[in-house]
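Colleague:
There are 2 protein chains.
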Amino acid sequence: MRLINRETDYAVRALAHLGDKAGERLSVSDLVRAVGVSRPFLRKILQKLEQAGILESRKGRGGGFKLARPPERIMLGEVRTVFQGPLKTENCLFGVRLCYDYKTCRLRRKMRDIEGRLARELDAITIQSLQKDL
Amino acid sequence: MRLINRETDYAVRALAHLGDKAGERLSVSDLVRAVGVSRPFLRKILQKLEQAGILESRKGRGGGFKLARPPERIMLGEVRTVFQGPLKTENCLFGVRLCYDYKTCRLRRKMRDIEGRLARELDAITIQSLQKDL
DNA sequence: CTATATGATACTATATCAGTATCATTTTGT
DNA sequence: ACAAAATGATACTGATATAGTATCATATAG
Ligand code: FES
Ligand code: FES
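In order, the protein sequences belong to chains A and B. If you're matching positions, the first sequence starts at 0 in numbering that gives the first Met the number 0 and goes up one per residue. If you're matching positions, the second sequence starts at 0 in numbering that gives the first Met the number 0 and goes up one per residue.
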């Protein structure tokens, strides 16, 4: 199992690069160079980040993307959720269906605690902490 | 992302049921009843557990499966690894390829720590702790 | 008013997950 | 010996998630 997939990976690299540039707006071309991934794929990723409110975009000549917030307020956990969904499932963390006895299930509580801790740890990593020029 | 998939789920239920029976050998038919999953699928799961050294099997009439170890020495993390592979990847936890600068990568270390903690937490949950008759 | 940039969306390919089917081999009871 | 009852090994199929591409619409600067 991968905790972090390709889209999240590229997203974080792009965000860290934008963080390096201290709030500047960059074009997809700039980011393609920095991240090292195909242009159409990165475009899709950036659009998702924009929809999630992590990036702000501007269309037209001279357009591009900039961070919607300072890099110390963008968390790895949040970025991960955009591309891979939340860690928690609604009812039962353990498989799709319910256990034979949901009410008395001890594992459910334990797994919930573990996933909660994991989520907090992922949220403790900010984009700022991943910038080059720290 | 699911921390635990279906195979691991069913495997744990089967193991917990075997634990309830205190080292008894049970047939697939017994376990199908206890776990509530199709017979061929459970068979595949049990065979993997046998290959992993978590179950012992006996063929032929009156055969079946029993725990290869006491339930307090079978860990959720180990079972999970049988079906979903290890948490850690060799080089870089972050995506498939290396970062632009592997040596100076701060994220790699952080993710390694997080994954390490997660693995320890999963290993702290034993089959015994999930048995009905605790 | 056009070149340049992103927005929206649909499509394709590949990998992983979930589940089924089949035949071989071992063991036990008669 | 032999048939019934069990698991072993393995190949196959369908569904879902991941990874990536392609196309046309829309906004903006000059
Ligand atoms: S109710 Fe889902 S693991 Fe127990
Ligand atoms: S080297 Fe892989 S995340 Fe940095």
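Yeah, the Cβ is synthetic: ideal placement off N, Cα and C, and Gly gets one too.
Grab the span of the beta strand (DSSP E) containing Arg1 of chain B for me, first residue to last.
Modeller: Here Arg1 of chain B belongs to no beta strand (DSSP E), and DSSP marks it neither H nor E.
Colleague: Using the Cα positions of Gln83 of chain A and Gln50 of chain B, report the straight-line distance between them to the nearest angstrom.
Modeller: For Gln83 of chain A and Gln50 of chain B, the distance between alpha carbons rounds to 32 Å.
Colleague: Are there 16 or more other CB atoms within 10 angstroms of the CB of Asp8 of chain A, so buried, or fewer, so exposed?
Modeller: Answer is buried; the Cβ neighbour count reaches 16.
Colleague: So that I know if they touch, is there some Cβ in chain A lying closer than 7 Å to that of Leu17 of chain B?
Modeller: Answer no: the Cβ-Cβ gap between Leu17 of chain B and chain A never drops below 7 Å.
Colleague: Distance cutoff 7 Å, beta carbons only. Does Gln130 of chain A sit that close to anything in chain B?
Modeller: Output row for Gln130 of chain A: interface = no.
Colleague: From Glu114 of chain B to Ile53 of chain A, what does the alpha carbon distance come to, in whole angstroms?
Modeller: Cα to Cα, Glu114 of chain B sits roughly 25 Å from Ile53 of chain A.
Colleague: Indicate the three-state DSSP secondary structure (helix, strand or coil) for Gly63 of chain A in the structure shown.
Modeller: Three-state DSSP puts Gly63 of chain A in a strand.
Colleague: Is it a yes or a no for the segment 3–20 of chain B touching the segment 65–84 of chain B, going by three-plus beta-carbon pairs under 8 Å?
Modeller: Yes, they touch.
Colleague: Look at the Cβ atom of Asp19 of chain B, then the Cβ atom of Gln130 of chain B, and state whether they are nearer than 7 Å.
Modeller: Yes, these two residues count as a Cβ contact at 7 Å.
Colleague: For Gln127 of chain B, go through chain A and note every residue whose CB falls closer than 7 Å to its CB, in chain order.
Modeller: Within chain A, no residue comes near Gln127 of chain B; the closest Cβ sits about 11 Å away, beyond 7 Å.
Colleague: Helix or strand or just coil, what does DSSP make of Glu55 of chain B?
Modeller: DSSP places Glu55 of chain B in strand when its eight states are reduced to three.
Colleague: With distances taken between CB atoms, is the gap from Asp122 of chain B to Gly76 of chain B smaller than 7 Å?
Modeller: Yes; because the gap between Cβ atoms is below 7 Å, this pair is in contact.
Colleague: Flag Gln83 of chain A as yes if its beta-carbon sits less than 7 Å from any beta-carbon of chain B, otherwise no.
Modeller: It does: the Cβ of Gln83 of chain A has a partner Cβ on chain B nearer than 7 Å.
Colleague: Using the Cβ count rule (16 or more neighbours within 10 Å means buried), how would you classify Ala21 of chain B?
Modeller: Classification of Ala21 of chain B: exposed, given that the 10 Å Cβ count is below 16.
Colleague: Less than 7 Å between the C-beta atoms of Leu45 of chain A and Phe64 of chain A, yes or no?
Modeller: Closer than 7 Å, so yes.
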